[in-house]
Amino acid sequence: MSVEIKVPSVGESISEVQIGAWHAAEGKWVAQDSEIVELETDKATFDVPAPMDGIIIEILKK
């Protein structure tokens, strides 16, 4: 089963989110709730956790 990781809602006043860094690489195993990507806005930086255990098949945005 494939699961897309989508940018979570970060607030109404934020219009742009950039990828700061990937903490997981393609082909690597990740555990549920482990941090997989760092997102940056003009006001904050935050990590997005893996929604489930699995393997990163493809990173579409870098």
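Each residue of the sequence shown is one higher than the one before, counting from 179 in our numbering.
Where is the CB? At the ideal position from N, CA and C, for every residue including glycine.
Quick one: what's got a C-beta closer than 7 angstroms to residue 230's C-beta in the same chain, skipping five residues either side? 181 and 210
Among the candidates 236, 192, 237 and 184, whose CA atom is the shortest distance from the CA of residue 222? 192
According to DSSP, what are the bridge partners of residue 227? 213
Candidates 234, 185, 227 and 240, of which the one nearest residue 179 by Cα: 234
Just how far apart, CA to CA, sit residue 205 and residue 220? 31 angstroms
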